[in-house]
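A quick write-up on the structure given underneath.
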Amino acid sequence: MTNHCKEPHVFRPLEGKNIVFGISGGIAAFKAADYIRGLKKLGANIKVVLTENGARFVTPLTFSALTGNPCFHSMFDQNNPSFMPHIELANWGDVLVILPASADIIGKTANGIADDLLTTLFLSFDSKKLVFPSMNPAMYENPAVQDNIQRLRDRGVVVVEPEEGTVVCGAKGRGRLPGFDTVLVQIRKALAHKDLKGLNILVTSGPTREPIDPIRFISNRSSGKMGLAIAKTAFIRGARVRLVTGPTCMEPPPYFGSIQVETANEMAQEVFREAEAADIIIMAAAVADYSPVTYSASKIKKSDQEMTIRLEKTTDILKELGARKKPGQILVGFCAETEDLIENGFKKLEQKNLDLIVANNITEPGAGFDWDTNKVYLIDPDKNIEELPLLHKEEVAERIFDRILKLNSGS
Ligand code: CTP
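Per the numbering used here, the sequence shown runs over residues 3 to 413.
Written out as structure tokens, the structure reads:
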């Protein structure tokens with residue numbers, strides 16, 4: 003039976019992953035509680051190490067309640083002298099995340115000081131380490147802190163730039179802890195197999211808007227979710243990502259470069275410029291096929307007459323990309339249909355000289371515009387048709403890249 007209810011598809015990208023979460027002394031420690039809750043919901047197992055100063059801002063009980071595990075803060079346990087948490091946690095964790103990382107913890111870890119559980123664990127932990135600095139902007143910009151951050155980076159530690167804005171003490175500048183999405187994506191990236199490393203991937207997303215007058219425009223129902231999921235997935239799997247996006251209600255993420263455009267014409271210009279350097283181009287945007295011939299600089303007033311708006315064809319960006327495709331470049335299109343999905347998809351793949359087309363029937367429940375899920379078919383030039391089940395858009399993105407890598411290897 004078809005499921006018509008808009009129930010969220012369960013997507014748990016951190017299922018079974020063990021995260022050791024180090025919390026040092028900074029006001030952003032309170033955000034760690036919320037982030038840990040979010041990461042747990044996505045399947046992660048979490049054990050928290052709290053520094054002495056961290057425990058001034060948040061309590062161990064908060065974290066043991068949230069994680070279901072004891073909260074670690076001491077190197078020693080009088081009742082169990084053989085238990086060495088810095089070794090046990092190093093063996094258990096797939097990734098060590100320090101969030102928030104104070105100037106003090108950055109200085110100590112960069113210089114090999116090991117005078118408490120978190121700094122000692124940092125030395126014994128030989129899997130991936132992620133550090134999220136958060137502090138007053140003047141402290142963050144201080145050369146001593148910057149030198150220490152560079153030292154950590156030189157040793158392979160991922161130090162994620164804090165965001166700009168107003169910090170708790172009222173100062174403005176770079177020092178704010180990034181939002182949950184950035185933290186999640188960076189953790190997923192640390193844990194991912196980087197099979198897209200070294201590739202330049204250009205993704206388009208969202209609708210375009212074709213203006214009629216200062217108030218009105220012609221657009222479509224694209225939310226931009228599918229394109230954004232593809233761009234994120236490419237980033238997590240190690241690619242250099244450029245996103246060209248039409249207007250959506252989602253903020254472009256800070257961790258890869260985005261270009262925001264409005265019209266089909268603007269999208270065409272940006273895509274043609276970026277396409278030069280791209281190894282893979284994925285056109286997930288719902289580009290308008292027609293645009294008003296004239297634009298009225300003042301508001302069009304209503305009258306008693308019927309109204310006609312003359313439209314002209316826009317450039318078919320993907321077709322143009324297909325015509326000028328460079329050797330080795332992979333071109334992927336999308337195709338949203340209401341009928342004859344496979345035939346229409348294959349026709350577009352041939353006409354636009356594509357290597358893969360992702361076809362979906364937007365009348366199916368859970369597929370297409372605005373849903374978090376999609377139900378697609380992947381079609382290649384040999385007419386191999388792969389039907390994917392209803393999946394979260396990020397899982398669809400994973401499967402698209404798996405398929406692209408197979409195209410690349412010729413299988
Ligand atoms: N596309 C594009 N430029 C356009 C229109 C579409 O690059 N002016 C791209 C879309 O991003 C998508 C693919 O072409 O990857 C197919 O888009 P779709 O709207 O399904 O098909 P069209 O070619 O526009 O044909 P039709 O609207 O008649 O189905």
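C-beta atoms are modelled at their ideal positions from N, C-alpha and C, and glycine is treated no differently.
Quantities reported herein were computed from a predicted structural model and do not represent experimental measurements.
Beta-bridge partners of residue i, as assigned by DSSP
| i | result |
| --- | --- |
| cysteine 337 | Ala361 |
| leucine 420 | What is shown of the chain runs 3 to 413, which leaves residue 420 out entirely. |
| histidine 394 | Thr375 |
| arginine 242 | Asn202 |
| alanine 288 | Pro209 |
| threonine 247 | Ser207 and Gln262 |
| phenylalanine 219 | Pro213 |
| isoleucine 282 | Ile203 and Ile332 |
| phenylalanine 134 | Phenylalanine 134 is not bridged to any residue. |
| isoleucine 344 | BP columns for isoleucine 344 are empty, so no partner. |
| lysine 315 | Tyr292 |
| phenylalanine 23 | Val50 and Val99 |
| glutamate 388 | Leu380 |
Beta-carbon separation (whole angstroms), residue i vs residue j, contact threshold 8 Å
| i | j | result |
| --- | --- | --- |
| proline 255 | aspartate 183 | 6 Å |
| alanine 34 | proline 102 | 7 Å |
| arginine 211 | threonine 265 | 6 Å |
| threonine 69 | valine 50 | 6 Å |
| phenylalanine 124 | lysine 131 | 7 Å |
| isoleucine 332 | aspartate 357 | 5 Å |
| leucine 52 | histidine 75 | 5 Å |
| isoleucine 402 | leucine 380 | 7 Å |
| valine 161 | phenylalanine 237 | The Cβ separation is near 17 Å, so there is no contact. |
| asparagine 202 | alanine 173 | That pair is no contact at about 37 Å. |
| glutamate 396 | phenylalanine 13 | 6 Å |
| glutamate 272 | valine 243 | Not really, about 14 Å apart at Cβ, beyond 8 Å. |
| proline 135 | isoleucine 108 | 6 Å |
| alanine 31 | phenylalanine 59 | 4 Å |
| isoleucine 29 | valine 159 | No, isoleucine 29 and valine 159 are not in contact; Cβ-Cβ is about 23 Å, not under 8 Å. |
| alanine 399 | alanine 231 | 5 Å |
| glutamate 54 | aspartate 117 | Not really, about 10 Å apart at Cβ, beyond 8 Å. |
Check: residue i C-beta below 6 Å from any heavy atom of the ligand CTP
| i | result |
| --- | --- |
| methionine 285 | yes |
| alanine 338 | yes |
| glycine 95 | no |
| aspartate 318 | yes |
| valine 289 | yes |
| glycine 335 | yes |
Residue i and residue j closer than 7 Å at C-beta
| i | j | result |
| --- | --- | --- |
| leucine 16 | glycine 45 | yes |
| lysine 165 | arginine 178 | Before going further, note that residue 165 is glutamate rather than lysine in the sequence given. Contact flag set, yes. |
| valine 185 | tyrosine 37 | yes |
| leucine 204 | isoleucine 283 | yes |
| asparagine 71 | alanine 112 | no |
| arginine 239 | leucine 198 | yes |
| asparagine 20 | asparagine 47 | yes |
| glycine 208 | glycine 259 | no |
| threonine 235 | methionine 285 | no |
| alanine 361 | cysteine 337 | yes |
| aspartate 382 | isoleucine 302 | no |
| valine 295 | glutamate 314 | yes |
| threonine 121 | isoleucine 115 | yes |
| alanine 277 | serine 224 | no |
| alanine 280 | threonine 317 | no |
| asparagine 355 | glycine 324 | yes |
| glutamate 339 | asparagine 346 | yes |
| isoleucine 420 | valine 133 | Lying before the first or after the last residue shown, residue 420 is absent from the chain, which here runs from 3 to 413. |
| glycine 415 | glycine 18 | This structure does not reach residue 415, given that the chain is present from 3 up to 413, and the question cannot be answered. |
| leucine 390 | threonine 375 | no |
| tyrosine 297 | proline 213 | yes |
>> What ranges does the beta strand (DSSP E) occupy inside the segment 87–115, keeping only unbroken runs of at least 3 residues that lie completely in it?
In response: Correct list: 97–103.
>> What ranges does the beta strand (DSSP E) occupy inside the segment 41–91, keeping only unbroken runs of at least 3 residues that lie completely in it?
In response: Taken in chain order, the complete beta strand (DSSP E) segments of 3 or more residues contained in the segment 41–91 are 47–52.
> What are the start and end residues of each continuous alpha helix (DSSP H) run of 4 or more residues lying completely inside the segment 155–204, in chain order?
Replying inline: Runs of alpha helix (DSSP H) with 4 or more residues, each lying fully within the segment 155–204, are found at 182–193, listed in chain order.
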